[in-house]
Amino acid sequence: MKLQWRLATLKNGLQDATAYRLEFLIQILSSALVPAAIQSVLWYAMFVLGGKTDVAGMTYAQMLHYTLTSILFTQIRGGDNDFELAEMIREGQLSNYLLRPVGVVEFVYLRGVAPKLLIAFFCLLAGMGAGWAIGITPERLVGAMFLALIGNIIHYQISASLAAAAFVWEEAYGILMVKNMIVSLLSGELLPLNLFPPSMQWIWKSAPFYLYVFGPTQYALGRWSHQEFLMQLGVSGLWLIVGWALIRMSWGLGIRRYLSLGG
Amino acid sequence: MKTLTAYLEIFRVQFKNNFVREAVYRTNFLTSVFTDMIWMAVEFSLFKVIYANVPNLAGWSQDQVYFFLGTFFSSDAIFTIFFQRNYWAFGDLVNKGELDILLTKPVNPLFLALTRWMSLTAIFNLILGLGILIHYAGPAGFEGGWHWLLVAFWLLIGVTAASVLRFMFSIWVFWTDRGWALSRLYYQFFQIATKPDPIYPRAIRYTILTALPFAFIGSVPARALLKGLPAWEYAGVAIVLTTFFSLDALLWKRGLRRYQSASS
């Protein structure tokens with residue numbers, strides 16, 4: 510029974526996301542290619558127009574490899590499930606879910622992660638197909654994708670905890686938007702995090718966001734040793750525990766204040 | 005003249021209604037201000053990191069890029085105040101048949117559709133954007149004096165460009181029924197507008213100055229204010245915006261012919 514509802518939820522999430530296939534495709538392609546194109550343009554400006562041969566220890570080719578590889582992982586991170594949770598609390602629809610024998614936080618996650626798993630599968634295939642050109646081995650790619658998927662869970666845990674702010678504040682979506690903006694910079698989606706000057710490195714190192722895109726990309730490209738990768742897996746395990754505790758605490762406190770208005 | 009007065013009066017009433025509505029939701033105001041401040045901070049941080057590694061980017065110094073950001077934020081804030089919500093609601097107008105009520109009014113339905121909602125909280129963003137623009141004007145090499153009058157003109161160009169482009173991405177809802185994907189696509193392309201256009205390779209730069217003129221939102225205005233534009237580029241701005249305006253008008257008319265009034 511426990512496995513059954515989870516599988517059914519995954520199936521439902523996948524069907525929901527792909528109901529409008531063209532829209533699904535446009536969304537994936539645009540959210541993957543446009544940021545990558547902008548990143549490439551920045552490297553073009555720095556290296557080709559600016560005449561630089563080396564920036565933060567990386568050559569033009571290495572920057573482009575980073576950008577191309579990071580596309581595989583930017584599509585895995587996050588989603589809009591946290592906004593859905595906040596909206597459910599705000600509008601009182603949460604009541605419908607509280608009556609069901611499933612955990613609402615997990616239910617929303619599973620529904621949202623389903624299309625991400627499909628994308629992860631296609632990204633793996635694409636990475637294995639094209640990765641040989643820049644020296645990405647299949648085993649590194651699988652490991653990197655695994656880390657990216659753990660990053661997806663951590664991201665949701667943090668997001669769901671922040672969404673619990675909707676129990677006390679109607680405009681909690683603002684916190685989620687702020688979180689998304691910070692994540693876009695500190696996950697390595699906009700630029701490799703080693704470009705941060707040494708005095709600012711602590712910023713991304715003290716948050717888990719680098720495990721979403723920067724970490725997997727570094728490992729896939731061979732810039733992290735297997736030992737470093739295992740250590741980062743350990744770090745992600747710790748963040749998973751922290752995330753789990755955050756959810757328990759925020760939702761435990763929030764649900765006591767829930768008034769079930771509307772719905 | 006009488007018609008213009010009538011439209012101005014409608015606009016005044018819409019403005020007043022929106023002001024009353026937003027005054028009620030004060031926390032919404034604070035949230036919007038806070039999220040936009042973070043957005044600005046992220047854009048600044050991105051360039052801060054880049055300039056920590058290189059002294060200039062395609063001939064643009066750090067101060068010049070910050071001046072560009074000020075121009076871009078100001079132009080975007082004006083667009084947000086007057087148009088953004090209307091474009092998000094545009095899909096519902098068509099899908100849910102809400103356009104019916106606008107079509108029955110004795111004024112241009114498009115005018116009503118695009119002025120119904122305003123986000124007056126974004127006025128604070130405009131103040132912030134202008135603050136950034138003014139702060140970096142001197143270090144960026146802006147001449148000042150009477151050139152300040154040109155700032156208003158170029159901000160108007162930026163808002164016009166954003167509006168005709170956003171319209172072009174929204175109008176297809178008459179044919180596709182769901183406008184969500186194209187709206188998201190607009191905001192993906194919009195990221196292009198957050199960088200100065202000289203950094204782009206020739207083909208992309210040509211595209212964002214012609215077919216998808218996202219560079220007109222902030223980059224071209226900032227470049228015009230700081231460095232001036234050659235005559236052909238002024239002509240280019242006029243031709244592209246006029247073409248987009250005409251195409252938008254044509255598609256609106258064609259769209260109306262397809263409209264099926266979903267609510268009836």
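Those sequence lines, one after another, are chains A and B. Our numbering numbers the first residue of the first sequence as 510 and each following residue consecutively. Our numbering numbers the first residue of the second sequence as 5 and each following residue consecutively. Glycine included, C-beta positions come from ideal geometry on N, C-alpha and C. The model shown is predicted, which means the values in this text are computed figures rather than measured ones.
Below the 9 Å Cβ cutoff, chain A contributes Tyr529, Glu532, Gln536 as neighbours of Trp184/B, in chain order. Contact annotation for Phe705/A against chain B: Val53 [CB-CB distance below 7 Å, chain order].
Contact note: Val543/A reaches chain B through Gln192, Phe193, Gln195, using a C-beta cutoff of 7 Å and chain order.
CA-to-CA, the gap between Leu216/B and Leu255/B works out to about 17 Å. For Tyr204/B, the closest Cβ of chain A is nearer than 9 Å. Per DSSP, Ala681/A lies in no alpha helix (DSSP H) and is assigned neither H nor E. In this structure, DSSP gives Val155/B a helical state, which the three-state scheme calls helix. Under the Cβ distance rule, Gly135/B does not count among the residues neighbouring chain A, no pair being separated by less than 9 Å. Residue state for Trp64/B is assigned as strand, using DSSP reduced to three classes.
Taken in chain order, the members of the segment 674-696 of chain A whose beta-carbon sits within less than 8 Å of a beta-carbon on chain B are Trp678, Glu679, Glu680, Tyr682, Gly683, Met686, Val687, Met690, Ile691, Ser693, Leu694. Contacts with chain B (Cβ-Cβ distance below 7 Å) from the segment 561-593 of chain A involve Lys561, Val564, Ala565, listed in chain order. Comparing alpha-carbon positions, the option among Gln524/A, Leu519/A, Ala541/A, Ala526/A lying closest to Leu189/B turns out to be Ala541/A. Met567/A sits in a strand when the DSSP states are folded into three classes.
Counting only runs of 4+ residues, the alpha helix (DSSP H) found wholly inside the segment 574-624 of chain A occupies 590-600, 603-607, in chain order. For Asp96/B and Leu650/A, the gap between their C-alpha atoms comes out near 43 Å. Taking Ile131/B as the centre and dropping the five residues before and after it, the same chain places no C-beta closer than 6 Å to its C-beta. Per DSSP, Tyr204/B lies in no alpha helix (DSSP H) and is assigned neither H nor E. Between the alpha carbons of Ile667/A and Ala674/A lies a distance of about 12 Å. Residue state for Met654/A is assigned as helix, using DSSP reduced to three classes. Around the Cβ of Asp525/A, a 10 Å sphere holds fewer than 16 other Cβ atoms; the residue is exposed.
Not flagged as an interface residue toward chain A: Ile85/B, since no C-beta distance is shorter than 9 Å. In this structure, DSSP gives Leu233/B a state outside helix and strand, which the three-state scheme calls coil.
The Cβ neighbour count for Thr562/A, taken over all protein chains shown within 10 Å, is under 16; the residue is labelled exposed. The C-alpha of Glu147/B lies about 16 Å from the C-alpha of Gly74/B. Around the beta-carbon of Leu186/B, 16 or more other beta-carbon atoms lie within 10 Å, marking it buried. When Cβ-Cβ separations below 9 Å define contact, Val722/A makes no contact with chain B.
About 7 Å separates the beta carbon of Glu26/B from that of Phe33/B, a gap short enough to meet the 8 Å contact definition.
With a 10 Å radius around the Cβ and a threshold of 16 neighbouring Cβ atoms, Val17/B comes out exposed. Residues of chain A whose Cβ lies closer than 8 Å to the Cβ of Asn60/B are, in chain order, Gly559. In the DSSP annotation of this structure, the continuous segment of the alpha helix (DSSP H) that includes Tyr140/B starts and ends at 127-144. Taking a contact as a CB-CB distance under 8 Å, the pair Ala117/B and Leu230/B does not count as one, their CB atoms being some 36 Å apart. Taking CB atoms only, Ser715/A has no neighbour in chain B less than 9 Å away. Flagged as an interface residue toward chain A: Leu189/B, by a C-beta distance shorter than 9 Å.
Not one beta carbon of chain B lies nearer than 9 Å to the beta carbon of Ala635/A. Chain A places no beta carbon closer than 9 Å to that of Phe77/B, leaving this residue out of the contacts. Within the same chain, and ignoring the five residues on either side of Leu762/A in sequence, no residue has its Cβ closer than 7 Å to its Cβ.
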